[in-house]
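Below is one structure, written out as structure tokens, with a few remarks after it.
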Amino acid sequence: MSQFFNQVYGVVKKIPFGKVTSYGAIARYLGHPQAARMVGYAMNASHDQLDVPAHRVVNRNGLLSGKHHFPGTRLMQQLLESEGIPVKNDQIIDFKACFWDPNTALPPFEIEI
DNA sequence: ATCTTGACCTAAT
DNA sequence: CATTAGGCCAAGA
0 MSQFFNQVYG VVKKIPFGKV TSYGAIARYL GHPQAARMVG YAMNASHDQL DVPAHRVVNR
60 NGLLSGKHHF PGTRLMQQLL ESEGIPVKND QIIDFKACFW DPNTALPPFE IEI
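For the first sequence, position 85 matches number 84 in numbering that gives the first Met the number 0, and the numbering has no gaps at all.
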């Protein structure tokens with residue numbers, strides 16, 4: 000059942016408060032370095048999964064590429080700013096400072112021991 | 001059933 | 001530098 004999606008959700012759920020990561024980083028962490036697009040698609044389907052903080056996932060430039068998929072027009076930005084992440088022009092200002100890379104922050108991905 | 005599109009990324013030109 | 005091309009695979013038309 001789209002195990003990949005669940006793995007994505009699992010990683011996203013582990014993003015610490017006040018941190019963000021990128022689609023590609025997640026894809027790479029899961030062993031699919033070129034499936035970044037699927038990560039985005041997984042987010043699109045993440046409306047079912049309530050514990051998935053999709054607002055903490057942005058593209059590799061720190062741009063809020065998915066903000067239009069949130070209800071309202073400012074929600075994603077507000078959520079990030081409420082976590083202490085300044086955003087301007089749909090872009091995270093100090094992106095590298097807030098960036099959280101699962102590849103280095105988490106132990107190597109294991110298929111559900 | 002096929003064709004198109006999409007919250008992307010990397011590498012090659 | 002900028003631009004293009006390829007890859008990923010799931011839904012909607």
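C-beta atoms are modelled at their ideal positions from N, C-alpha and C, and glycine is treated no differently.
For phenylalanine 16, the nearest candidate out of Lys66, Val56, Ser64, Asp89 (CA to CA): Measuring from the Cα of phenylalanine 16, the nearest candidate turns out to be Val56.
Is the region 69-80 close to the region 33-40, with three or more CB pairs under 8 angstroms? no
Rounded to whole angstroms, what is the Cα-Cα separation between alanine 24 and proline 101? 7 angstroms
Using 7 angstroms as the cut-off, classify the Cβ of alanine 44 as near or not near the heavy atoms of the ligand ADP, replying yes or no. Among the components modelled here there is no ligand, and therefore nothing to report on the ligand ADP.
Tell whether a beta-carbon distance below 8 angstroms holds between glutamine 77 and lysine 66. At least 8 angstroms separates the beta-carbon of glutamine 77 from that of lysine 66.
Close-in-space but distant-in-sequence residues of the same chain around asparagine 58 (CB under 7 angstroms, 5 per side omitted): Excluding sequence neighbours, asparagine 58 sits near Ser21, Tyr22, Ser64.
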